[in-house]
Amino acid sequence: MTTFKAYRTFEENGAVSSRFVTLSLDELDHGEVIVRTKYSTINYKDALSHNGTGKIMRKFPCVAGIDMAGTVEASSDARWKKGDKVIVHGYDLGVAHDGGYAEYVRVPAAWVVRRPESMTAFDAMTMGTAGYTAALAIELMQHNGLVPASGPVAVTGATGGVGSVAVEILAKLGYHVVAITGKAEESDYLKGIGASEVLRRQSLDLTKIRPLDKATYAGAIDNLGGDILAWLLSVQKVGGVVGSVGLAAGYKLNTTVMPFILRGVHLLGVDSSGTPMALRQKIWNKLAVEWRPDRVHDQVRTIDFDELPTHFDAYLKGLVRGRTVVRVGADTHGG
Ligand SMILES: NC(=O)c1ccc[n+]([C@@H]2O[C@H](COP(=O)([O-])OP(=O)(O)OC[C@H]3O[C@@H](n4cnc5c(N)ncnc54)[C@H](OP(=O)(O)O)[C@@H]3O)[C@@H](O)[C@H]2O)c1
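The following block contains the structure:
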């Protein structure tokens, strides 16, 4: 019987913790498709979940890892066959269904995304859920009227995974990107991936947010939540489009109706886990070609599976720049 390595999360005596274990295929959650993992990644959500910092896991024990890329090993669903190149992310993966931190995953056929021809498993995980979510936010914002001529677009948590990919894609599309970061030392990095301006988060006075302030931005991608999202809403121009992606600074939002009723601001919810498959596939196809974030890709750090547990803490402390790819399966950048 095939056995393999997995990083599994347990709840024992009321405490959540994770460790490497050896599993067999029959021990994985059910699904029609078995995929052999080449690469996974680290997302903020993985860091929140591995030790219970955030109440992310909904079943125990559960293999962690909210995304993976690899090839189909076997399928009882006619849509997939051995050797197909795929990505799996979102739905319940790594949250309530055994996830991507394992050499094999077994998932429902409806969760599987066909990896675009030119995108290797490594390429896919240089973007991962974070990059996908940045692209989804931009797709939704443009669908709601945002165009480069509308004016500057702000990105918060700009050095993070979602932030970095958002900065690069927006710049590629011709937007004037204002990267907002807590890391003064990363200004050159942010300009290097396409930011036109870099604003230090510490320079903003979030203690006095007015219902409406100077109309400055045509849009924003917010990874932080809390006061900074309230501030972003107050400084939107007429018709501004704000994508709410994350909660790295907090999940509460204390605002007024003024930006909505006096400036027609759109506040868009961005949920990567439940995106319908047609849109999900469309976004991945864009990420493979015209939206491909080459600069972020070239600066990812790749770690071995064994090293995974030592990397979560930096995510929880907001210290990470760009993306981390986890080499789970065969050691190759191909396939
Ligand atoms: N809605 C969805 O479907 C979806 C999908 C993916 C991610 N997310 C969420 O989006 C957020 C970003 O995810 P990610 O994977 O990009 O995370 P990440 O790589 O860890 O980046 C987060 C960035 O936010 C900033 N930050 C972190 N902690 C902070 C704090 N306490 N206060 C203020 N800023 C802080 C830092 O950037 P700077 O130092 O540059 O400011 C950090 O690099 C997370 O909240 C995540 O849960 C949501």
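Adding 6 to a residue's 1-based position in the sequence shown gives its number in our numbering. Ideal Cβ positions, reconstructed from N, Cα and C, are used throughout, including at glycine. Note that the coordinates shown come from a computational prediction; the quantities given were computed from them, not determined experimentally.
Residue range of the beta strand (DSSP E) that includes residue i
i	result
residue 359	With the chain running from 7 to 341 in the structure shown, residue 359 is simply not present.
residue 75	73–81
residue 46	39–48
residue 93	91–95
Top-ranked residue by Cα proximity to residue i, from the options
i	options	result
residue 248	266, 63, 318, 323	266
residue 332	78, 214, 128	128
residue 264	221, 303, 254, 293	221
residue 33	327, 109, 209	109
residue 253	270, 87, 235	235
residue 259	137, 319, 237	237
residue 50	335, 334, 325	325
residue 293	281, 256, 171	171
residue 231	163, 65, 313, 200	163
residue 257	204, 181, 283, 229	229
residue 311	289, 299, 334	334
residue 45	296, 243, 282, 130	130
residue 282	65, 28, 96	96
residue 114	22, 285, 93	93
residue 106	11, 278, 71	71
residue 246	31, 152, 14, 329	152
residue 123	305, 262, 295, 206	295
residue 35	102, 126, 143	102
residue 198	121, 290, 328, 85	328
residue 136	309, 22, 48	48
residue 225	175, 125, 147, 278	147
residue 280	20, 98, 317, 65	98
Host alpha helix (DSSP H) of residue i (start-end)
i	result
residue 15	Counting along the chain, residue 15 falls outside any alpha helix (DSSP H), though it belongs to the beta strand (DSSP E) covering 9–18.
Reduced DSSP secondary structure (H/G/I, E/B, other) of residue i
i	result
residue 1	Only positions 7 to 341 of the chain appear in the structure, and residue 1 is not among them; the question remains open.
residue 110	strand
residue 116	helix
residue 237	helix
residue 124	coil
residue 162	strand
residue 244	strand
residue 56	helix
residue 84	coil
residue 36	coil
residue 134	helix
residue 143	helix
residue 31	helix
residue 254	coil
residue 1	Shown here, the chain extends from 7 to 341; a query on residue 1 therefore has no answer.
residue 155	helix
Cβ-Cβ separation, residue j to residue i (assumed contact under 8 Å), whole Å
i	j	result
residue 184	residue 177	Rounded, the Cβ-Cβ distance is 11 Å, inconsistent with contact.
residue 215	residue 250	Between residue 250 and residue 215 the Cβ distance is about 16 Å, and since that is not below 8 Å, they are no contact.
residue 43	residue 76	4 Å
residue 227	residue 140	7 Å
residue 181	residue 159	5 Å
residue 73	residue 134	5 Å
residue 285	residue 59	That belief does not hold up - the Cβ atoms of residue 285 and residue 59 are roughly 30 Å apart, past 8 Å.
residue 69	residue 37	Wrong, their Cβ atoms sit about 13 Å apart, outside the cutoff.
Cβ-heavy atom distance, residue i to ligand 2, below 7 Å
i	result
residue 286	Summarising the ligand content, the structure contains ligand 1 and does not contain ligand 2.
Please give me, in chain order, every unbroken run of the beta strand (DSSP E) with length at least 3 that falls completely inside the region 166–211. Qualifying beta strand (DSSP E) stretches, in chain order: 183–187, 203–206.
Whole alpha helix (DSSP H) runs in the region 269–339 with 4 or more residues, listed along the chain? DSSP runs (the alpha helix (DSSP H)) wholly in the region 269–339: 283–294, 300–303, 318–322.
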